[in-house]
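**Q** Going by the working numbering, the first residue of the sequence shown is number -18, and it counts up by one from there.
Once you've had a glance at the structure underneath, I'll fire off some questions.
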Amino acid sequence: MGISQEYAVRGMTCDHCVIAVTEEISALSGVISVDVDLVVNGNSRVSVASEHPLDANLVRVAVDEAGYEISD
């Protein structure tokens, strides 16, 4: 059974945004799946299932690489 973590991501507006964030987070070691609930002009919910707890800074960097920000 994996670990599930959720993040609020600001700035996503379309399916391309969802794909970019999903690809960047999926590249992290241990990630099993990424599910994005897109909220245009709001904070989208990103759920990540992984084999072990992920380092929050690594997730933040992955989201930043995709061009978006994790909301605090």
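The C-beta atom is built at its ideal place from N, Cα and C for all residues, glycine as well.
Predicted model, so just to flag it, every value in this text is computed and none were measured.
(1) Where DSSP assigns a beta bridge to Y(-12), which residues make up the other side?
(2) Name the residue from Y(-12), A47 and H33 whose alpha carbon lies nearest to the alpha carbon of I13.
(3) A1 and G48: beta carbons closer than 8 Å?
(4) Please work out which residues of its chain come closer than 7 Å, Cβ to Cβ, to V21, disregarding the five sequence neighbours upstream and downstream, and give them in chain order.
(5) So if DSSP puts E50 in a beta bridge, which residue, or which two residues, is it bridged to?
(6) For the beta strand (DSSP E) that contains S7, what are its first and last residues?
**A** Reading off the structure:
(1) V27
(2) H33
(3) yes
(4) In its chain, beyond the 5 residues on either side, T(-6) have a beta carbon closer than 7 Å to the beta carbon of V21.
(5) R(-9)
(6) Per DSSP, S7 lies in no beta strand (DSSP E) segment; the continuous alpha helix (DSSP H) that holds it begins and ends at D(-4) to S7.
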